[in-house]
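Asks:
Numbering (the working numbering), first residue to last: 41 to 518.
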């Protein structure tokens with residue numbers, strides 16, 4: 041039945057030139073999908089309090105770590121944090137010895153694409169998916185990989201509304217994955233070749249821009265995403281309408297002209313600035329962004345890291361975990377897309393992109409800009425299971441300190457997505473979103489590749505390396 045619903049959805053193209061979306065229809069449609077899905081057994085929180093004892097604590101702030109720390113959580117909420125001697129462990133608590141590990145907040149990726157899995161080129165991927173027909177099979181692949189990488193919350197910027205049902209399944213604990221906030225389709229005046237219609241709302245004037253914002257929010261968008269080709273008047277209309285509903289606007293930005301329009305219209309978050317082939321920006325523009333404290337999410341590593349890393353070590357594309365994660369035909373198509381990867385259109389100007397991304401990203405770091413962390417995963421060859429720590433490593437190489445990057449990927453990102461009251465730091469009363477790292481990421485940020493335990497909403501997930509003692513009794517292997 042779900043497949044039939046998605047076939048119907050394909051006929052309702054989310055494009056302004058074919059009429060504003062019928063929101064009532066979408067609510068009916070997704071209700072149908074929801075009620076028609078077979079209920080799954082939920083992954084559950086431990087029945088007793090859990091105490092993580094003996095690790096080094098990074099709480100999300102740019103402060104000195106607490107050595108020999110204890111964190112206690114119960115029912116999905118943190119109830120105690122501090123030095124071991126200052127925290128009373130509940131008598132009925134499950135105690136997990138985490139000596140030699142780093143305890144830190146769950147990572148937040150401020151720019152994901154849950155519909156993507158790292159396929160080498162978009163046109164071929166959507167052909168394989170039959171447009172959007174098989175998106176529901178891609179979502180769980182990406183979600184599990186993100187959770188395994190320590191990402192407990194992700195902001196999806198551009199998936200069609202097929203993602204709504206999957207978001208609810210994750211929220212109900214039926215499938216492993218991060219907490220999801222979504223933009224739904226983006227707003228633009230320019231059609232992006234090679235992607236299905238459901239990905240974008242193409243407008244012709246500011247009136248259609250306002251109508252699109254209203255429809256997106258009514259259909260379930262947590263934020264509004266704008267793409268290229270908009271005028272200053274478009275930006276102003278979109279921002280005004282979104283802010284009236286208490287919704288932030290995230291803009292896909294590269295060119296100085298678009299950045300200037302975004303500044304002048306009050307766009308909330310600048311996505312991509314400081315990456316790709318755009319030459320270094322005028323210092324006055326960078327300074328203005330920094331002084332106005334406008335959040336930026338650079339998504340730099342898939343420009344400066346992915347291609348060189350694959351050239352030097354092509355076997356990274358054949359990690360056995362991908363075969364385990366994917367249905368057989370997905371895996372075969374995934375591998376097929378990497379043939380002659382150096383000739384993929386996505387990398388046609390990679391030399392210029394690497395050079396300019398290094399320069400532009402460094403400009404914002406040196407300016408003291410308000411920087412979050414996002415990966416743009418899973419763009420070509422940029423798989424979710426390693427994208428986050430690679431992005432954080434790239435930012436360290438470009439001039440941020442490890443503690444700055446860790447705080448940016450937790451506390452700052454929680455602020456950017458408007459969730460700081462519940463997420464981003466390890467404090468009493470906040471959600472139990474916690475990762476345990478084997479090693480010290482302050483000494484080497486690449487230790488974030490060694491995440492052994494991920495706790496999201498108090499539900500414990502563990503790697504094979506961490507499969508010992510009480511962890512296996514109260515948690516789930518991923």
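Glycine included, every Cβ here is placed at the ideal spot set by N, Cα and C. Model, not experiment: these values are computed from the prediction.
With distance defined between alpha-carbon atoms, name the residue in 517, 490, 139, 473 nearest to residue 501.
Replies: With distances taken between Cα atoms, residue 501 lies closest to 517.
Asks: So, for residue 394: in the same chain, excluding its five sequence neighbours on each side, which residues have a beta-carbon less than 6 Å away from its beta-carbon?
Replies: For residue 394, where only same-chain residues beyond five positions count, the Cβ hits under 6 Å are 344.
Asks: Is residue 184 helix, strand or coil by DSSP?
Replies: The answer is helix: DSSP assigns residue 184 an H, G or I state.
Asks: What span of residues does the alpha helix (DSSP H) with residue 173 cover, start to end?
Replies: Note, residue 173: premise wrong, no alpha helix (DSSP H); not H, not E.
Asks: Given that a residue counts as buried once 16 or more other Cβ atoms are within 10 Å of its Cβ, and exposed if not, what is residue 113?
Replies: Residue 113 is buried by the Cβ-count criterion.
Asks: Could I get the ranges of all uninterrupted beta strand (DSSP E) runs contained in the segment 71–129, with 3 residues as the minimum, in chain order?
Replies: Counting only runs of 3 or more, we get 90–97, 106–114, 117–123.
Asks: Give the single residue among 453, 374, 295 whose Cα lies nearest to the Cα of residue 146.
Replies: It is 453.
Asks: For residue 326 and residue 267, what's the separation of their Cα atoms in angstroms?
Replies: Their backbone Cα atoms lie some 21 Å apart in a straight line.
Asks: Alpha carbon to alpha carbon, how far is residue 98 from residue 431? Give it in angstroms, no decimals.
Replies: Roughly 19 Å separates the two Cα atoms.
Asks: For residue 348, count the other beta carbons within 10 Å of its own beta carbon; 16 or more makes it buried, fewer makes it exposed. Which is it?
Replies: With fewer than 16 other Cβ atoms within 10 Å, it is exposed.
Asks: Can you tell me whether DSSP reads residue 505 as helix, strand or coil?
Replies: It is helical.
Asks: Between the Cα of residue 85 and those of 507, 506, 494, spot the shortest distance and give me the residue it belongs to.
Replies: Closest by alpha carbon: 494.
Asks: What's the call for residue 403, buried or exposed, on a 16-neighbour Cβ count within 10 Å?
Replies: Answer is buried; the Cβ neighbour count reaches 16.
Asks: Under the three-state reduction of DSSP, which class applies to residue 226: helix, strand or coil?
Replies: Three-state DSSP puts residue 226 in a strand.
Asks: What is the residue span of the alpha helix (DSSP H) that residue 472 lies within?
Replies: Looking at the DSSP string, residue 472 is not in any alpha helix (DSSP H), and its letter there is neither H nor E.
Asks: What is the rounded straight-line gap between the Cα of residue 135 and the Cα of residue 484?
Replies: Straight-line Cα distance between these residues: approximately 28 Å.
Asks: Which stretch, first to last residue, makes up the beta strand (DSSP E) that contains residue 367?
Replies: From DSSP, residue 367 is part of no beta strand (DSSP E); its letter is neither H nor E.
Asks: Residue 331: buried (16+ other C-beta within 10 angstroms of its C-beta) or exposed?
Replies: Answer is exposed; the Cβ neighbour count stays below 16.
Asks: From residue 527 to residue 387, what distance separates their C-alpha atoms?
Replies: With the chain covering only 41 through 518, there is no way to say anything about residue 527.
Asks: Around the Cβ of residue 353, are there at least 16 other Cβ atoms within 10 angstroms (buried) or fewer (exposed)?
Replies: Exposed is the call here.
Asks: Give the straight-line distance between the Cα atoms of residue 289 and residue 512, rounded to the nearest whole angstrom.
Replies: For residue 289 and residue 512, the distance between alpha carbons rounds to 42 Å.
Asks: Applying the criterion that 16 or more other CB atoms from any shown protein chain within 10 Å of the CB defines a buried residue, is residue 372 buried or exposed?
Replies: The residue in question, residue 372, is exposed, as its Cβ has fewer than 16 Cβ neighbours within 10 Å.
Asks: If we count the other Cβ atoms within 10 Å of its Cβ and call it buried at 16 or more, is residue 89 buried or exposed?
Replies: The residue in question, residue 89, is buried, as its Cβ has 16 or more Cβ neighbours within 10 Å.
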